[in-house]
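Position in the sequence shown (first residue = 1) + 1 = the working numbering.
All C-beta atoms, glycine included, are put in the ideal place defined by N, C-alpha and C.
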Amino acid sequence: MVSTVQRPILKNQAIAPSKIETTGTDLSHLITKRDVLMTLRGFDWQHPRMLAYLERCGAKSRHYLTEKQLKNLVEKLEAL
């Protein structure tokens with residue numbers, strides 16, 4: 002049985018706001034599509050090509066990609 006009791010948030014746990022809260026738009030369809038394409042192509046976020054893409058974008062991690070960068074990444078994954 003799954004517990005419905007929420008765990009207390011510890012002092013050092015960061016809670017990132019959702020993409021909807023930070024951008025004002027719902028990017029869940031792009032995020033889902035990106036995740037499916039990455040799985041199909043055999044990529045993960047530690048793959049050298051993904052790390053290079055994040056570095057070129059100037060993003061600290063995948064959570065900091067803008068909508069434009071996310072669309073570009075999905076297009077590149079579709080082209081593979």
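Roughly how many angstroms lie between the CA atoms of residue i and residue j, to the nearest whole one?
i          : j          : result
residue 65 : residue 52 : 13 angstroms
residue 81 : residue 32 : 18 angstroms
residue 49 : residue 72 : 20 angstroms
residue 36 : residue 78 : 10 angstroms
residue 61 : residue 55 : 7 angstroms
residue 68 : residue 29 : 11 angstroms
Helix, strand or coil for residue i, going by three-state DSSP, please let me know.
i          : result
residue 81 : coil
Taking 6 angstroms as the cut-off, is the beta-carbon of residue i closer than that to any non-hydrogen atom of the ligand ADP?
i          : result
residue 51 : In terms of ligand content, the structure shown is empty, and the ligand ADP therefore cannot be addressed.
Item to check | beta strand (DSSP E) segments (min. 3 residues) lying fully within the region 23–72 | outcome: Qualifying beta strand (DSSP E) stretches: none in this window.
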